[in-house]
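According to our numbering, numbering within the sequence shown proceeds without interruption in unit steps and concludes at 816. All C-beta atoms in this analysis are idealised placements derived from N, C-alpha and C, irrespective of residue type, glycine included. Input: a single structure, listed below in structure tokens.
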Amino acid sequence: MRRSGILLPISSLPSPYGIGTIGRAAYHFIDFLAAAGQTLWQILPLGPTGFGDSPYQSFSTFAGNPSLIDLDNLVELGLLAEDEINSFDWGGLPTRIDYGLIFANRAPILRLATGRLDPQSDSFRRFEAESAYWLDDYALFMAIKNSLDMVALAQWPLPLRRRDQAELSRARQQLEGEILFWKQVQFLFFRQWRELRDYAQKKQVLIFGDLPIYVSPDSADLWAAPSLFQTDADLNLIDVAGCPPDCFAPLGQLWGNPLYNWPKHEAENFNWWVRRLRYAGQIYDLLRIDHFRGFESYYAVPAEHTTAEHGVWRPGPGLPFIATIKERLPNLEIIAEDLGVITPEVRQILDASGFPGMRVLQFAFDSRAGSEYLPYRYPFNTVAYTGTHDNTTTEDWQYSSPASTVQFAREYLDTDDPDELTWRFIRAAMSSPANTCIVPMQDFLRLGAEARLNTPGTRQGNWRWRVDGKMLTDDLAEKIRQITELYGRREMEVQS
Numbered sequence: 321m322r323r324s325g326i327l328l329p330i331s332s333l334p335s336p337y338g339i340g341t342i343g344r345a346a347y348h349f350i351d352f353l354a355a356a357g358q359t360l361w362q363i364l365p366l367g368p369t370g371f372g373d374s375p376y377q378s379f380s381t382f383a384g385n386p387s388l389i390d391l392d393n394l395v396e397l398g399l400l401a402e403d404e405i406n407s408f409d410w411g412g413l414p415t416r417i418d419y420g421l422i423f424a425n426r427a428p429i430l431r432l433a434t435g436r437l438d439p440q441s442d443s444f445r446r447f448e449a450e451s452a453y454w455l456d457d458y459a460l461f462m463a464i465k466n467s468l469d470m471v472a473l474a475q476w477p478l479p480l481r482r483r484d485q486a487e488l489s490r491a492r493q494q495l496e497g498e499i500l501f502w503k504q505v506q507f508l509f510f511r512q513w514r515e516l517r518d519y520a521q522k523k524q525v526l527i528f529g530d531l532p533i534y535v536s537p538d539s540a541d542l543w544a545a546p547s548l549f550q551t552d553a554d555l556n557l558i559d560v561a562g563c564p565p566d567c568f569a570p571l572g573q574l575w576g577n578p579l580y581n582w583p584k585h586e587a588e589n590f591n592w593w594v595r596r597l598r599y600a601g602q603i604y605d606l607l608r609i610d611h612f613r614g615f616e617s618y619y620a621v622p623a624e625h626t627t628a629e630h631g632v633w634r635p636g637p638g639l640p641f642i643a644t645i646k647e648r649l650p651n652l653e654i655i656a657e658d659l660g661v662i663t664p665e666v667r668q669i670l671d672a673s674g675f676p677g678m679r680v681l682q683f684a685f686d687s688r689a690g691s692e693y694l695p696y697r698y699p700f701n702t703v704a705y706t707g708t709h710d711n712t713t714t715e716d717w718q719y720s721s722p723a724s725t726v727q728f729a730r731e732y733l734d735t736d737d738p739d740e741l742t743w744r745f746i747r748a749a750m751s752s753p754a755n756t757c758i759v760p761m762q763d764f765l766r767l768g769a770e771a772r773l774n775t776p777g778t779r780q781g782n783w784r785w786r787v788d789g790k791m792l793t794d795d796l797a798e799k800i801r802q803i804t805e806l807y808g809r810r811e812m813e814v815q816s
């Protein structure tokens, strides 16, 4: 069955508390998706964000973001009072996120709520036991980090960084209350998330998650298992992840993430990755893996370098990794992010995996040489996009792209009307042979550059856009439903 959905991060939902949450607006958006005939809600990674606010640089690959916990639900549970919430400043911009305010105010309000939780309750104890394989290290990591004024892992005292057992025992004793706090925050997050997913399933909406290939250098993941990464004995990174120079980034892209010690992973039958992916399959219905080509080969840059100009390609885990994942997690639905320059070797691994790749319509019109991003060339086993979170909106694309590129798009989509072009993009993606189609919410709303989520290679002003809930109208839902039914992505309702 052909299908379609909308890309909208949880953080981009409407909310009176400065950032979108797993609350009333999330349930309303699921209702909107169902009314619009959509069966997929694609979101961005759910992990707790740090410096730079990127969901792709998280303190944990397992934990949920405390900022996404719905405060109104905590009032309903008797854990908070409305006047307590209203005593904090959540910002006055309904379509922007002020991360400074969120960072300053979220932890204090959650401390009030967790102080009223029963740490001996059966539900909390069950969560604590079931999640211990990641929760214990994460809570200890965050407790230590908070005691050190939230400095990055690389700046921790060496005994703590190196996990000296005497120091860790001392920290567990001295920070017992703080460790409990971080565990209880995760308990609240995942209780709300489970309830939201249950509601989505009742509405026949699947949650389409996103998994960064790399972990953050400032993460519990690196700290808890340093032997699985390319570090020295003091947890200093030897080489870091990046992307080589190209016409868009002459100096390359220096991501700075720890690189995996793949021989160690393979010697352990990729157990860490299997656990990570199995866990993701428990919180999402399907999953996009970012930078999938990194499993074939990855770009390594010396950690002391300030640009990615002088990195080298090294072999990744390759086919043995893919075979292990498919054998041990046969029911996990994975989508491979395969954008950019894909070599024959990468294509071989993609073909062997059977995972769908991605095609982005905004990439189709750079030349007239029959780009693989033109809709008529999309394979069935593909996810078609008008654009992604890393692109500008399609409405802005037509004003910020080269004139020759936009002219080709107008010819291909048969319109000279700038007010019509975004919807022609949507129709082209929806009508394509691709089994799955995803359209960012900003494109359905025809929003401009002000609604762009992220500009790769920049560190300021990203991940801040939020949707105005008043724009999610019944008329828009009906328009989306009509296109969805027209192109066979939902059964057409026959009027009696």
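For residue 546, the three-state secondary structure derived from DSSP is helix. Here residue 398 is exposed. Its C-beta has fewer than 16 other C-beta atoms within 10 Å. In this structure, residue 648 sits near residue 594, with a CB-CB distance shorter than 7 angstroms. Excluding sequence positions up to five before and after residue 620, its CB lies within less than 7 angstroms of the CB of 559, 579, 631, 632, 634, all in the same chain and listed in chain order. By the beta-carbon neighbour count (other beta carbons within 10 angstroms, threshold 16), residue 453 is exposed.
In the three-state DSSP reduction, residue 575 falls in the strand class (E or B). Sixteen is the threshold: when 16 or more other Cβ atoms of the shown chains lie within 10 Å of the Cβ of residue 792, as they do, the residue is buried.
When only Cα atoms are considered, residue 464 and residue 762 end up about 39 angstroms apart. Straight-line measurement puts the Cα of residue 436 at about 45 angstroms from the Cα of residue 675. The alpha carbon of residue 353 has as its nearest neighbour, out of 521, 552, 661, 641, the alpha carbon of 521.
In this structure, residue 537 and residue 628 do not form a Cβ contact; the two beta carbons are roughly 15 angstroms apart against a cut-off of 8 angstroms. Taking 7 angstroms as the cut-off, the beta carbon of residue 545 is found no closer than this to the beta carbon of residue 458. Within the same chain, Cβ atoms closer than 6 angstroms to the Cβ of residue 784 are found at 416, 417, the five residues on either side in sequence being excluded.
Within the segment 702-780, the complete alpha helix (DSSP H) segments of 4 residues or longer fall at 714-720, 723-733, 741-751, 761-764, listed in chain order. Non-local C-beta neighbours of residue 705 in its own chain, meaning closer than 6 angstroms and more than five positions away in sequence, comprise 680, 758, ordered along the chain.
DSSP places residue 390 outside both helix and strand once states are collapsed to three, so it counts as coil. In terms of Cβ geometry, residue 359 and residue 322 do not form a close pair [threshold 7 angstroms]. Assigned with DSSP and collapsed to three states, residue 670 falls in helix. Under the criterion of beta carbons closer than 8 angstroms, residue 584 and residue 617 do not qualify as touching, at roughly 18 angstroms.
With a cut-off of 8 angstroms on Cβ pairs, the segment 691-711 is in contact with the segment 739-751, counting three or more such pairs.
Of the other Cβ atoms in all chains shown, 16 or more fall within 10 Å of the Cβ of residue 505; this residue is therefore buried. Between residue 568 and residue 688, the alpha-carbon positions lie close to 19 angstroms from each other.
Excluding residues up to 5 positions away in sequence, 805 lie with their Cβ nearer than 8 angstroms to the Cβ of residue 811 in the same chain. The three-state secondary structure of residue 401, taken from DSSP, is coil.
Note that the C-beta distance between residue 412 and residue 573 is not below 7 angstroms.
Restricted to the segment 618-694, the beta strand (DSSP E) segments that are unbroken, complete and at least 3 residues in length are 632-635, 654-656, 677-680, listed in chain order.
Listed in chain order, the non-local C-beta contacts of residue 610 below 6 angstroms within the same chain comprise 532, 533, 657, local neighbours out to five positions each way being set aside. Residue burial annotation: residue 503 is buried, with at least 16 other C-beta atoms found within 10 angstroms of its C-beta.
Note that the C-beta distance between residue 636 and residue 612 is not below 7 angstroms. In the DSSP assignment, the residues bridged to residue 528 are 362, 606.
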